[in-house]
Amino acid sequence: MVGGCCVCSDERGWAENPLVYCDGHGCNVAVHQACYGIVQVPTGPWFCRKCESQERAARVRCELCPHKDGALKRTDNGGWAHVVCALYVPEVQFANVISMEPIVLQYVPHERFNKTCYLCEEQGRESKAATGACMTCNRHGCRQAFHVTCAQMAGLLCEEQGCEIDNVKYCGYCKYHFNKVKKCRHSANTAYDQGLSDSSSHSQDKQSSLYDKQRKGNFEIGNDGNTGPESYMCEEQNDHQCPMSLYLTLMLPETREEK
Ligand SMILES: [Zn+2]
Ligand SMILES: [Zn+2]
Ligand SMILES: [Zn+2]
Ligand SMILES: [Zn+2]
Ligand SMILES: [Zn+2]
Numbered sequence: 000m001v002g003g004c005c006v007c008s009d010e011r012g013w014a015e016n017p018l019v020y021c022d023g024h025g026c027n028v029a030v031h032q033a034c035y036g037i038v039q040v041p042t043g044p045w046f047c048r049k050c051e052s053q054e055r056a057a058r059v060r061c062e063l064c065p066h067k068d069g070a071l072k073r074t075d076n077g078g079w080a081h082v083v084c085a086l087y088v089p090e091v092q093f094a095n096v097i098s099m100e101p102i103v104l105q106y107v108p109h110e111r112f113n114k115t116c117y118l119c120e121e122q123g124r125e126s127k128a129a130t131g132a133c134m135t136c137n138r139h140g141c142r143q144a145f146h147v148t149c150a151q152m153a154g155l156l157c158e159e160q161g162c163e164i165d166n167v168k169y170c171g172y173c174k175y176h177f178n179k180v181k182k183c184r185h186s187a188n189t190a191y192d193q194g195l196s197d198s199s200s201h202s203q204d205k206q207s208s209l210y211d212k213q214r215k216g217n218f219e220i221g222n223d224g225n226t227g228p229e230s231y232m233c234e235e236q237n238d239h240q241c242p243m244s245l246y247l248t249l250m251l252p253e254t255r256e257e258k
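Here numbering that gives the first Met the number 0 is used: the sequence shown runs in plain steps of one and ends on residue 258.
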C-alpha cells in the first residue's frame, strides 16, 4: 500500500536500522528494524507478527482503521493494530517501547472511535469511514478527522521536531493544511527537498527512532496534539523560521544512502 517501510514510508535502509522484509507467503510487509521494534534481526527468514501467528487472515484486522495490509502487532485486548496507527493516534502506547508490543489501546478516548474519516468519505468508502479511530489535523482549530492509514496513503503524515531536538512529534494534516505546510518547507529548503517523501523527510530520526518510541511511551494522556505545548506549527512561523525546515537543514547534509 505504500512504498518502502510500512510504518514510515521511507525506502532507504541503514546499516544500524535496516529495512527488513517479511518472508511470509504473499505478505509484502517491509519495515525498518526500529520502526517495528525488531529487537534482533534474524540471519534467516523473518516473519511479521501477522504471518508468525496462525490466525486466519480474515480475523487479523486493525482496531484503529479499516485497512488490512501493513505491519500489524497484537493489542493488549487480544486484537491487532498497525504500528503506524499506534504511533499517530496520540493516546496509544506501547507496553514495551523497545519491542513495541503489545499495543495499548485502553487510553484512547471513545470520541476518537466516534469520528468519521473524511478521506474515506471523499473516496466513496462511506461504509468504512466510521470504522476504527481517527487522528485529527494538526492545524490548530481544524476539525478534519481521518484514519492514520488513509492519511499515510495520501502522503499526509509528518514527523516534526518536538520541543526538544531529539523528540519527534508524529502528526498529520488534512490535504488543505498539508499543502500549506509543504509550501513552508519548500520555501526555506528547496535545495534538500528533492527526492524526499513527504511523510519521512530525514534519516536522522529513523536511526534514533527507538528513542522516539520511548518518548511516545511517556506521552501525556489526553493530549490531542492540538492543545499541548508541542502543538506549535510550521505554518504559523511561516516565512522566517519554519522549525521543520530548520531541522532538515541541520540534519540533511549528513544524510547518506547506505544500501
Ligand atoms: Zn520505517
Ligand atoms: Zn508478513
Ligand atoms: Zn490501522
Ligand atoms: Zn479513512
Ligand atoms: Zn486541517
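From the three backbone atoms N, C-alpha and C, an ideal C-beta is built for every residue, glycine too.
Does the Cβ of residue i lie closer than 7 Å to at least one heavy atom of ligand 1?
i           : result
residue 31  : yes
residue 9   : yes
residue 133 : no
residue 21  : no
residue 50  : no
Once the 5 residues before and after residue i are set aside, which same chain residues still bring their CB inside 6 Å of it?
i           : result
residue 113 : none
residue 128 : 115, 116, 119 and 120
residue 66  : 148
residue 26  : 50
residue 85  : 91 and 102
residue 228 : Confidence at residue 228 is low in this model, with a pLDDT of 40, below 50, so its placement is unreliable and no value can be given for it.
List the DSSP bridge partners of residue i.
i           : result
residue 56  : Beta-bridge pairing links residue 56 to no other residue.
residue 158 : 169
residue 121 : Answer is none; residue 121 lacks a bridge partner.
residue 61  : 79
residue 144 : 135
Flag residue i as yes when its Cβ comes closer than 7 Å to any non-hydrogen atom of ligand 5, and as no otherwise.
i           : result
residue 117 : no
residue 139 : no
residue 143 : yes
residue 81  : no
residue 175 : yes
For ligand 4, I want to know if residue i counts as a neighbour, meaning its beta carbon is within less than 7 Å of at least one of the ligand's heavy atoms.
i           : result
residue 4   : no
residue 127 : yes
residue 136 : no
residue 84  : no
residue 149 : yes
residue 146 : yes
Return the chain-ordered list of same chain residues with a C-beta closer than 7 Å to the C-beta of residue i, the five sequence neighbours on each side being excluded.
i          : result
residue 46 : 21, 22 and 23
residue 2  : 8 and 10
residue 32 : 16, 17, 19 and 40
Can you give me the Cβ contacts of residue i inside the same chain, cut-off strictly under 8 Å, excluding the 5 residues immediately before and after it?
i           : result
residue 75  : 94, 101, 102, 103, 104 and 105
residue 71  : 47, 48, 49, 59, 61, 79, 80, 81 and 82
residue 125 : 119
residue 41  : none
Hey, is residue i close to ligand 2, as in C-beta under 7 Å from one of its heavy atoms?
i          : result
residue 46 : yes
residue 28 : yes
Could you tell me if the beta carbon of residue i falls within a distance shorter than 7 Å of some heavy atom in ligand 3?
i           : result
residue 156 : no
residue 170 : no
residue 64  : yes
residue 162 : no
residue 34  : no
residue 61  : yes
8 Å is my cut-off, CB to CB: does residue i come that close to chain C?
i           : result
residue 107 : Protein chains in the displayed structure number just one, and chain C is not present.
Got a sec: does ligand 6 put a non-hydrogen atom nearer than 7 Å to the Cβ of residue i?
i          : result
residue 24 : By its list of ligands, the structure shown excludes ligand 6, since it contains just ligand 1, ligand 2, ligand 3, ligand 4 and ligand 5.
What alpha helix (DSSP H) runs, 4 residues minimum, are completely inside the region 6-40?
The qualifying runs are 32-35.
Is it the case that the region 157-176 contacts the region 131-138, given that we only count it when at least three CB pairs across the two stretches are under 8 Å?
Because the criterion of three Cβ pairs below 8 Å is met, the region 131-138 and the region 157-176 touch.
Report the start-end ranges of each alpha helix (DSSP H) in the region 66-114 that is 4 residues or longer and not cut off at the edges.
DSSP runs (the alpha helix (DSSP H)) wholly in the region 66-114: 82-87 and 109-113.
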